[in-house]
Amino acid sequence: MSADPEVAQTFAAAAGAADLADWLTKADQWVTGMYAPGHVPSPAEQALRLAWEFLVRRVSASLQRAREPGRLPASGGVLAFVDGLNLCLVVDYRFVLETPSLRVIEAIKAPRTVFDVVDTLLHRPHETRTELKRMLQSSHRLVWHRDVLIHVDRREEPNVFGPSIDTLHLDELIAARFAHLKVDEQPRRVLELGTGSGLLSASILRNMPGVDRVVGVEIEAASAFCTHRNWRANTEDLPGVLDRKASLVIGPYRPDVLAGSFDLVICNPPYIPDDPAAAEIDRQQARTVAVAGLELLDATLRASSKLVSPGGKLLLVVSSVSPPAYVSAPEGFTADWVWGAEGMPVLFEVEEVFARPAWLKRLVDAGGLTLAGDYYEHRLHAVWMTRTEAA
Ligand SMILES: C[S@@+](CC[C@H](N)C(=O)[O-])C[C@H]1O[C@@H](n2cnc3c(N)ncnc32)[C@H](O)[C@@H]1O
4 MSADPEVAQT FAAAAGAADL ADWLTKADQW VTGMYAPGHV PSPAEQALRL AWEFLVRRVS
64 ASLQRAREPG RLPASGGVLA FVDGLNLCLV VDYRFVLETP SLRVIEAIKA PRTVFDVVDT
124 LLHRPHETRT ELKRMLQSSH RLVWHRDVLI HVDRREEPNV FGPSIDTLHL DELIAARFAH
184 LKVDEQPRRV LELGTGSGLL SASILRNMPG VDRVVGVEIE AASAFCTHRN WRANTEDLPG
244 VLDRKASLVI GPYRPDVLAG SFDLVICNPP YIPDDPAAAE IDRQQARTVA VAGLELLDAT
304 LRASSKLVSP GGKLLLVVSS VSPPAYVSAP EGFTADWVWG AEGMPVLFEV EEVFARPAWL
364 KRLVDAGGLT LAGDYYEHRL HAVWMTRTEA A
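Count the sequence shown with my numbering and you get residues 4 to 394, in order.
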């Protein structure tokens, strides 16, 4: 895959497709054609065949690792994000004995949310719509990004958050900053506060070999179990990584539960201010704790100089629905807002808020949520805070 439009167009033309997204939906048959007797593939065709086979190998291996802990169904759908976050491939998989066969049924360009299928549902042939609807109805959510597969079983884990588009943006930001560094230049000690389904910490365990300690803290027990299952599946082929490097604390983050400081602290906190009318009821509901209330954000900022080593970094995300200017760099930190004052527009799809019209109205009236056509949109604001003060 290439983010360069000209290169992408050249390859698509070589494959006889309108663009690479179009080619990907036919790639399995196209590759079979490459092996037809007498066909001599051009260099561009060979490069495309290799790219396709590489992708299939990676996604298949992730599925095989996830099958091991026993919950993954023998067939289903995976949302595979490739080319940064420029393409979401809706992949149908079917295990035949140990091996999954894969087929891309849809390629969604520039997805604004993890399952951005509404336009697709309207404009695709009925066979594609049927397959997408089947996936939407499945209780298994499978998201693949940067060689990590996250599996959430919604029947058993209804309150587990994400992975959401916020999660994937953070994973991209972490990769852009650290993944290309030499092993000895990568952060050594990493903390994730509020692990949810575990994508960010799993990605660090899998993709950043220089990291030698990953600690996660998660308040909700089912989310912590989900995190651990996903950590295990995604490190299954990396002997000793889970046992040697990873630990998970189940419970609310409190400064006294963690010893020492970290070179990198990541937190995608609940960032929606509570609905004051329902705050008491919400406190009882795990799913709302995953998205609303600013306690984890406050606690992280308050403890930042204890949590982050000198020269270390804190990566946080908030949103236009958070109170304006709620987050500023604590003393001894500089702040680098990744997407500037405008932020990154994404769809807002928080069912808990939609279920409370008064809460929704309050967020819209405060200006943080806007109606874009039929959808609500908000803006993500990610910030790297770097601790500058001497030890
Ligand atoms: C917005 S979700 C993000 C999950 C995950 N990091 C991701 O990016 O997909 C926030 C997570 O923080 C957890 N959480 C909320 N308050 C917490 C607290 N005080 N201590 C630890 N975890 C907390 C929630 O249960 C939820 O899993």
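Think of the CB as a built atom: it goes at the ideal place given N, C-alpha and C, for glycine as much as any other residue.
Straight-line Cα distance separating residue j from residue i
| i | j | result |
| --- | --- | --- |
| residue 299 | residue 305 | 10 Å |
| residue 214 | residue 126 | 45 Å |
| residue 395 | residue 103 | Residue 395 lies beyond the stretch modelled for the chain, which goes from 4 to 394, so this question has no answer here. |
| residue 193 | residue 71 | 27 Å |
| residue 180 | residue 218 | 20 Å |
| residue 34 | residue 337 | 50 Å |
| residue 77 | residue 105 | 12 Å |
| residue 356 | residue 294 | 9 Å |
| residue 32 | residue 97 | 16 Å |
| residue 313 | residue 273 | 26 Å |
| residue 267 | residue 350 | 28 Å |
| residue 79 | residue 327 | 41 Å |
| residue 17 | residue 85 | 20 Å |
| residue 21 | residue 227 | 44 Å |
| residue 241 | residue 67 | 14 Å |
| residue 335 | residue 390 | 6 Å |
| residue 121 | residue 377 | 10 Å |
| residue 51 | residue 59 | 12 Å |
| residue 342 | residue 353 | 22 Å |
| residue 330 | residue 116 | 24 Å |
| residue 322 | residue 114 | 18 Å |
| residue 158 | residue 74 | 11 Å |
C-beta contact flag for residue i and residue j at 8 Å
| i | j | result |
| --- | --- | --- |
| residue 387 | residue 309 | no |
| residue 166 | residue 141 | no |
| residue 311 | residue 250 | no |
| residue 151 | residue 205 | yes |
| residue 269 | residue 173 | yes |
| residue 124 | residue 137 | no |
| residue 220 | residue 271 | no |
| residue 235 | residue 245 | yes |
| residue 225 | residue 256 | no |
| residue 47 | residue 62 | no |
| residue 361 | residue 278 | yes |
| residue 145 | residue 81 | yes |
| residue 111 | residue 119 | yes |
| residue 135 | residue 93 | yes |
| residue 374 | residue 366 | no |
| residue 171 | residue 88 | yes |
| residue 155 | residue 229 | yes |
| residue 55 | residue 15 | no |
| residue 253 | residue 324 | no |
| residue 168 | residue 202 | no |
| residue 53 | residue 177 | no |
Which of helix, strand or coil DSSP assigns to residue i
| i | result |
| --- | --- |
| residue 40 | coil |
| residue 198 | coil |
| residue 137 | helix |
| residue 217 | strand |
| residue 309 | helix |
| residue 156 | strand |
| residue 172 | helix |
| residue 380 | strand |
| residue 10 | helix |
| residue 146 | strand |
| residue 24 | helix |
| residue 317 | strand |
| residue 151 | strand |
Buried versus exposed call for residue i [16 or more other C-beta atoms within 10 Å across all chains shown]
| i | result |
| --- | --- |
| residue 13 | exposed |
| residue 19 | exposed |
| residue 148 | buried |
| residue 248 | buried |
| residue 57 | exposed |
| residue 38 | exposed |
| residue 382 | buried |
| residue 307 | buried |
| residue 28 | buried |
| residue 190 | buried |
| residue 195 | buried |
| residue 42 | exposed |
| residue 10 | exposed |
| residue 163 | buried |
Notebook entry, point to check: For the stretch 321-374, which segments carrying the beta strand (DSSP E) assignment without a break, of at least 3 residues, lie completely within its bounds, in sequence order?
Noted result: 336-340, 347-350
Item checked: Contiguous beta strand (DSSP E) assignments of at least 3 residues, all confined to the stretch 53-135 -> 78-85, 90-99, 102-112
Item checked: alpha helix (DSSP H) runs wholly inside the stretch 243-274, at least 4 long, in chain order -> 244-248
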